[in-house]
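Novice: As you go down the protein sequences, you meet chains A and B in turn.
Each residue of the first sequence is one higher than the one before, starting from 8 at the first, in the working numbering.
Each residue of the second sequence is one higher than the one before, starting from 1209 at the first, in the working numbering.
Below are the structure tokens for one structure; questions will follow.
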Amino acid sequence: EPEVTQTPSHQVTQMGQEVILRCVPISNHLYFYWYRQILGQKVEFLVSFYNNEISEKSEIFDDQFSVERPDGSNFTLKIRSTKLEDSAMYFCASSEDSVEKLFFGSGTQLSVL
Amino acid sequence: GDSVTQMEGPVTLSEEAFLTINCTYTATGYPSLFWYVQYPGEGLQLLLKATKADDKGSNKGFEATYRKETTSFHLEKGSVQVSDSAVYFCALHHNAGNMLTFGGGTRLMVKP
Chain A
8 EPEVTQTPSH QVTQMGQEVI LRCVPISNHL YFYWYRQILG QKVEFLVSFY
58 NNEISEKSEI FDDQFSVERP DGSNFTLKIR STKLEDSAMY FCASSEDSVE
108 KLFFGSGTQL SVL
Chain B
1209 GDSVTQMEGP VTLSEEAFLT INCTYTATGY PSLFWYVQYP GEGLQLLLKA
1259 TKADDKGSNK GFEATYRKET TSFHLEKGSV QVSDSAVYFC ALHHNAGNML
1309 TFGGGTRLMV KP
């Protein structure tokens, strides 16, 4: 069964550094998402992406965050200057035609020291 | 805004026990409701869904009924197995948006 792949599974970085989280969505999917879960809290929506542009974003997704689909297969989340509070599990998801059937990757655990 | 509240875990059961994981929501109108499951080391997977009041979603022996009057979507299974050990997430989708709103997740541990 096709799956969403995320790399790396764990990322440790220093506060203020830039990080790029990578995702390979399912090949025929058109909608792409990032969610995150801070330890002990709810899974939170960050951003959705369709047709090479952001279609919706949450208040969390401020100017420090950006997304890109650089080569037609990868979907990346960049955090320009990481903060301690960015430490979380980041999930990538994709769907063929509807947010009502998302396929998630296994997540990248980001630790900001 | 929309929100989802799940019972806190972990929930620990013996094999073949009856499972209930409570989920309630706050939303205007008629959202679609979902249960996702995350097995160890894997991504979240859609387990079941219901799109209107009184609908029952079911899959792999799990069931949940969309109760508009109590704004609930409790997950049930009659006889759990060790392989059901996972984290279960309740979520809703409001037609006006392109995002899911999740609860915090409930960890289920099933002992042989």
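We put the CB at the ideal spot given by N, CA and C, even for glycine.
Which residue or residues does DSSP assign as beta-bridge partners of threonine 1273/B?
Specialist: Looking at the DSSP assignment, threonine 1273/B forms a beta bridge with Lys1264/B.
Novice: Buried or exposed for lysine 49/A, please, with buried defined as at least 16 other CB atoms from any protein chain shown within 10 angstroms of its CB.
Specialist: Label assigned to lysine 49/A: buried.
Novice: Counting only the same chain and skipping the five closest in sequence on each side, list residues whose C-beta sits under 7 Å from that of valine 119/A.
Specialist: Closer than 7 Å at Cβ, skipping near neighbours: Thr20, Met22, Thr89, Lys90, Leu91, Asp93, Ser94.
Novice: Start and end of the beta strand (DSSP E) containing valine 31/A?
Specialist: Looking at the DSSP string, the run of the beta strand (DSSP E) that includes valine 31/A is 26-31.
Novice: Between lysine 1257/B and chain A, is there a C-beta pair that is closer than 8 Å?
Specialist: Answer yes: the Cβ-Cβ gap between lysine 1257/B and chain A drops below 8 Å somewhere.
Novice: Which stretch, first to last residue, makes up the beta strand (DSSP E) that contains serine 101/A?
Specialist: Residues 95-102.
Novice: Tell whether a beta-carbon distance below 8 Å holds between glutamate 1284/B and threonine 1213/B.
Specialist: Cβ atoms of glutamate 1284/B and threonine 1213/B: not closer than 8 Å.
Novice: Is it buried or exposed, threonine 1314/B, if we count other Cβ atoms within 10 angstroms and call 16 or more buried?
Specialist: It counts as buried.
Novice: Are the CB atoms of tyrosine 1274/B and leucine 1221/B within a distance shorter than 8 Å?
Specialist: Cβ distance not < 8 Å, so leucine 1221/B and tyrosine 1274/B don't count as in contact.
Novice: So which residues on chain A does asparagine 1267/B lean against when the C-beta distance must stay under 7 Å?
Specialist: Those within 7 Å of asparagine 1267/B in chain A number zero; the least Cβ separation is about 13 Å.
Novice: Bridge partners of glutamate 75/A, per DSSP?
Specialist: DSSP output for glutamate 75/A lists Thr83/A as bridge partner(s).
Novice: Closest to serine 1211/B by C-alpha separation, out of His1302/B, Gly1269/B, Ala1294/B, would be which residue?
Specialist: Checked all of His1302/B, Gly1269/B, Ala1294/B; the closest Cα to serine 1211/B is His1302/B.
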